[in-house]
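These notes concern the structure reproduced below.
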Amino acid sequence: MKAANHILEVIGNTPLVKSHTIARHVKPDIFLKLEYLNPGSSVKDRPALQIIEDAEAAGELRPGGTIVEATSGNTGMGLAMAAAIKGYKCIFVMPDKMSEEKIKTLRAFGARVVVCPTAVEPDDPRSYYSVAIRLAQETPGAFHANQYHNPSNPRAHYLKTGPEIWEQTEGNIDVFVATMGTGGTISGTAKYLKEQNPDIKVVGVDPIGSIYYDYFKTGKMTEAHSYLVEGFGEDIIPSTMDFDWLDDVVRVTDKECFITTRRLVREEGVFAGGSSGGCLAGAVKYAERMDRHANIVTIMCDTAGRYLTKIFDDEWMRENGFLDDDTGVGTVADML
Ligand code: PMP
């Protein structure tokens, strides 16, 4: 029998697939690491499991305990899945811009979900960061997963995502491109890849409105503005985001993310979400500056299934000014 013993054993070992239409006009090849094929349908299964295993080993999470986390949804899904197998309770705190699908998915696992306003400062007591800290303090047997400051988050990618990419490309990787939320994916993967070959370039993707781009370029904190793409970009600098590994940051608009996401699904059959479109749009922008062949790897962070009432809904796209032609996809000129 080659069956896994439980669902947590099938996290990771995701496929790597070449983008064959969207990146056709650039000299480099762009490869997509299909993290949405993880059992919780996102890249965040990896850090969720690592955080729990490391907390158990350190005695911070004990049998019957409650996992508390501020999450945009995907980490919650990974934590909830692990909690189901290991017998923990979960409380998740989410900003109110998150899709209904994400909230319902977490509730399906039996988690308590607390929704907080997006449009408040991070240190406001109503923000989802502050509410998670308070609930972790008030709940007996609670463990705050704290993905924004927990080194187990980037470690998961250092131990697994990086080595998988290195092996799948047989070391033939020139550029790694990833979105930056907590920064766990890019920091952990970059550390591993650069240890293998320091010449590999690491490029972060940032949505316009987030503070990362300016912080990387100037070292200064600017004011964040709201944007619609979910899962990446920040209004704080988490300690899990290690800028030392970054060579460059490219910016993407909501529209570029969403149009690229729709094209990913319709042209390439890659059923990935808005930040995956952001990764690919960012990788294409970076590739357009290159005048030679190279191998670029980027991340398909989560599933399109979480955005059916948004990115894949023509009405929503039109209302927000992202669809201005009749194809329902948007033109290439629009996208780049
Ligand atoms: N895309 C999506 C959909 C996510 O949920 C996240 C995690 N917030 C990211 C990208 C960014 O990943 P990381 O936190 O590792 O930077």
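Mapping of the sequence shown onto the working numbering: position 307 corresponds to residue 355, and the numbering continues sequentially without gaps. Every residue, glycine too, gets a C-beta built ideally from N, C-alpha and C.
(Q) With a threshold of 9 Å between beta carbons, is F291 in contact with chain D? (A) Considering every chain present, this structure includes no chain D. It has just one protein chain.
Q.
Is it buried or exposed, E215, if we count other Cβ atoms within 10 angstroms and call 16 or more buried?
A. Under this definition E215 is an exposed residue.
Q) If you draw a straight line from the alpha carbon of T237 to that of D93, how long is it in whole angstroms? A) Answer to the nearest angstrom: the Cα atoms are 15 Å apart.
Q: Evaluate T69 with the Cβ neighbour count: other Cβ atoms within 10 Å of its Cβ, from every protein chain shown; 16 or more gives buried, anything less gives exposed.
A: T69 should be labelled exposed.
Q. Exposed or buried, E282, counting other C-beta atoms within 10 Å across all chains shown (16 or more means buried)?
A. A buried status is given to E282, since no fewer than 16 other beta-carbon atoms sit within 10 Å of its beta-carbon.
Q.
According to DSSP, is K137 part of a helix, a strand, or is it coil?
A. K137 falls in the strand class under three-state DSSP.
(Q) Using 9 Å as the threshold, is the C-beta distance between I347 and Y334 below it? (A) By the CB criterion at 9 Å, I347 and Y334 fall outside the cutoff.
**Q.** Classification of M289 by the beta-carbon crowding that lies within 10 angstroms, buried from 16 upward
**A.** Classification of M289: buried, given that the 10 Å Cβ count is 16 or more.
Q | Outcome for S147 when other beta-carbon atoms lying within 10 angstroms are tallied against a minimum of 16 | A | Label assigned to S147: buried.
Q) Is D302 closer than 9 Å to Y275 when the C-beta atoms are compared? A) Taking 9 Å as the Cβ cut-off, Y275 and D302 qualify as a contacting pair.
Q) What three-state label does DSSP hand A381 in the structure shown? A) In this prediction, A381 has a pLDDT of 42, which is less than 50 and means its spatial position is unreliable; what the coordinates show is noted afterwards. Here A381 sits in helix by DSSP.
(Q) Give me the residue from T153, S178, I359, A159 with the minimum Cα distance to P165. (A) Cα-wise, what sits closest to P165 is S178.
Q: Could you tell me which residues DSSP pairs with C164 in its beta bridges?
A: According to DSSP, C164 bridges with P143.
Q.
Tell me the DSSP secondary structure of I70 in three-state form.
A. DSSP places I70 in coil when its eight states are reduced to three.
(Q) Between the alpha carbons of M269 and I256, how many angstroms are there, rounded? (A) When rounded, the distance between both Cα atoms is 14 Å.
Q: Evaluate H54 with the Cβ neighbour count: other Cβ atoms within 10 Å of its Cβ, from every protein chain shown; 16 or more gives buried, anything less gives exposed.
A: Exposed is the call here.
Q: Flag this pair as yes or no: are the beta carbons of D350 and S175 separated by less than 9 Å?
A: Not closer than 9 Å, so no.
Q) Hey, is the region 197 to 208 in contact with the region 132 to 150, meaning 3+ C-beta pairs nearer than 8 Å? A) The region 132 to 150 and the region 197 to 208 do not touch, with fewer than three beta-carbon pairs separated by less than 8 Å.
**Q.** With 16 other Cβ atoms within 10 Å as the buried cut-off, status of P76
**A.** The residue in question, P76, is buried, as its Cβ has 16 or more Cβ neighbours within 10 Å.
Q: Pull up the DSSP beta-bridge partners for G252, would you.
A: According to DSSP, which records beta bridges pairwise, G252 is partnered with A226, V297.
Q: Return the CA-CA distance between T379 and A342, expressed in angstroms with no decimal places.
A: Caution applies to T379, whose pLDDT of 44 falls short of 50 and renders its modelled position unreliable; the model cannot decide the point.
**Q.** First through last residue of the beta strand (DSSP E) which encompasses I259
**A.** Premise fails: I259 is in no beta strand (DSSP E) and is neither H nor E.
Q | For N122, the three-state DSSP class (helix, strand or coil) | A | Helix, per DSSP.
Q. Are the CB atoms of T230 and K81 nearer to each other than 9 Å?
A. Contact: no.
Q.
Quick check on this structure: which residue in A132, V168, I99, P170 has the alpha carbon closest to the alpha carbon of L154?
A. Per the Cα distances, A132.
Q: Report all residues from its chain with a CB closer than 6 Å to the CB of I78; omit the five preceding and five following residues, and keep chain order.
A: The beta carbon of I78 is closer than 6 Å to those of S67, A71, A331, I344 in its chain, skipping five residues each way along the sequence.
Q) If you measure from the CB of Q98, is any heavy atom of ligand 1 nearer than 8 Å? A) Outside the cutoff, so no.
Q) Using a Cβ-Cβ cut-off of 6 Å (strictly less than) and excluding sequence neighbours within five positions of S323, which residues of its own chain qualify? A) Only T227, G279, F280, C349 meet the Cβ criterion.
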